[in-house]
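Student: Residue numbers (our numbering): 3 to 336.
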Amino acid sequence: MSTGGARPIVTVQQHILEHQRQFPHASGEFSWLLSGITLATKIIAAQVQRAGIVDVLGATGEVNVQGEVVQKLDTLANETIHRCLGYRGNVGIVVSEEDDEPRVIHEAGDKGKYIVLFDPLDGSSNIDVNVSIGTIFSILRVRDDVPRSEVINQVLQPGLEQLAAGYVVYGSSVVMAYTTGAGVHMFTLDPSIGAFVLTREYVTMPLKGKTYSINEAYWHTFPKGIQGFLEWAKSEEAGGYSLRYVGSLVADFHRTLLKGGVFLYPPTRKDPKGKLRLLYEANPMAMLAEQAGGMATDGTRRILEKPPQALHERTPLILGSRSEVEKVLSFWKP
Ligand code: AHG
Ligand code: MN
Ligand code: MN
């Protein structure tokens with residue numbers, strides 16, 4: 003029966019299963035793991051959209067391992083993802099920005115062949131003012147060359163080892179973007195059916211954009227090369243860039259992925275190694291950026307090649323369109 007040209011409804015799980023011959027690491031098990039993430043983010047989205055009605059606004063009064071005040075939604079998102087992933091049966095270790103240490107899922111035993119790392123709620127400073135926030139995830143395979151008991155050595159893998167990476171942005175619509183190494187694909191949550199449905203396949207980042215995204219309040223503590231790039235971006239010669247900065251990495255990256263341009267979080271006096279965390283912010287975004295034809299660097303090397311030294315290690319992050327990232331690097335030689 004003809005569908006009369008109506009767009010077919012393809013869910014995330016269906017997309018993985020239909021395309022699994024292309025996805026190097028997809029399998030029934032993998033789509034089962036991904037469905038744990040989509041379930042968790044649907045629950046978080048529902049809480050975000052009812053913030054103020056349900057008691058999820060404001061701070062908990064605690065300070066996390068990052069030294070940041072924990073927002074109620076940080077905790078709720080963290081617990082939701084743990085609950086949804088902990089019983090998938092194939093997740094062995096879970097790493098979260100909100101947890102001091104990795105959590106081993108003992109119930110999974112040797113079947114726990116995946117490691118999931120996540121930033122449960124990115125852009126926490128924007129929760130109470132109804133600005134887009136998100137969830138970021140990265141998926142690694144449990145290494146067979148390291149004992150399972152050496153948990154830290156299991157999780158400290160460079161970004162090139164990621165099997166998959168993605169984010170969900172809780173904005174005017176709820177959009178999931180993910181890659182398993184075979185292009186970037188986007189799904190929009192259809193609240194009327196409670197499912198993420200395919201809206202864009204093989205998303206590519208424009209080679210050149212019109213925006214740069216940075217918190218210029220730290221201008222005086224940026225490296226001179228970064229100041230040089232920013233002066234260039236404001237000059238006539240550059241041809242009219244606009245500054246766009248949401249303060250949520252997921253929202254700033256989502257715009258950069260679709261429209262091009264460059265996002266920068268360089269070293270500052272407050273965060274001399276940069277503010278963003280390598281394992282569950284920079285690495286997943288770097289995999290998505292490269293899969294979409296963009297670049298991601300710390301100023302010295304590809305983000306994906308950096309060998310992590312610590313669980314919550316921070317890194318400078320310059321990511322976006324090839325043209326703009328190369329322009330930044332032409333000014334900034336760390
Ligand atoms: P998180 O809320 O997970 O701690 O992440 C916040 C990060 C990132 O989302 C954003 O790009 C950056 O903090 C903004 O930092 P500034 O407020 O220093 O600009
Ligand atoms: Mn974050
Ligand atoms: Mn966070």
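Note that the Cβ used here is the ideal one computed from N, Cα and C, for glycine as well. The model shown is predicted, which means the values in this text are computed figures rather than measured ones.
Output the distance between the C-alpha atoms of Ile-11 and Val-199, rounded to the nearest integer angstrom.
Tutor: 6 Å
Student: Among the candidates Tyr-116, Val-176, Ile-107 and Ala-42, whose CA atom is the shortest distance from the CA of Ala-253?
Tutor: That would be Val-176, whose Cα lies nearest to the Cα of Ala-253.
Student: Using DSSP with H/G/I as helix, E/B as strand and the rest coil, what is Ala-8?
Tutor: coil
Student: Please go through the same chain and pick out, in chain order, the residues whose beta-carbon is closer than 7 Å to the beta-carbon of Tyr-247, but skip the five residues on each side of it.
Tutor: Ser-215, Ile-216, Asn-217 and Asp-254
Student: Ignore the nearest five residues each way along the sequence and tell me which others in Met-289's own chain have a CB closer than 7 Å to its CB.
Tutor: Gly-161, Gln-164, Ala-167, Thr-181 and Leu-306
Student: Taking a contact to mean a Cβ-Cβ separation below 7 Å, would you say Val-58 touches Lys-74 in this structure?
Tutor: yes
Student: Considering only the alpha carbon of each residue, which of Ala-294, Gly-196, Trp-34 and Ile-55 lies closest to Val-186?
Tutor: Ala-294
Student: When you compare only the Cα positions, how much space is there between Pro-269 and Lys-115?
Tutor: Each residue's alpha carbon lies about 35 Å from the other.
Student: Tell me which same chain residues have a C-beta within less than 6 Å of the C-beta of Gln-159, skipping the five on either side of it?
Tutor: Leu-142
Student: Please report the residue range of the beta strand (DSSP E) in which Ala-61 lies.
Tutor: 61-65
Student: So what does Arg-105 bridge to, in DSSP terms?
Tutor: Val-96
Student: Once you ignore the five residues that flank Lys-335 on each side, which residues in its own chain have a CB closer than 7 Å to its CB?
Tutor: Gly-227
Student: What is the residue span of the beta strand (DSSP E) that Leu-158 lies within?
Tutor: Careful: Leu-158 lies outside any beta strand (DSSP E) and carries neither H nor E.
Student: Is Asp-374 near ligand 2, in the sense that its beta carbon is under 6 Å from a heavy atom of that ligand?
Tutor: With the chain represented from 3 up to 336, any question about residue 374 goes unanswered, as that position is not in the structure.
Student: Please state whether DSSP places Thr-43 in a helix, a strand or coil.
Tutor: Helix.
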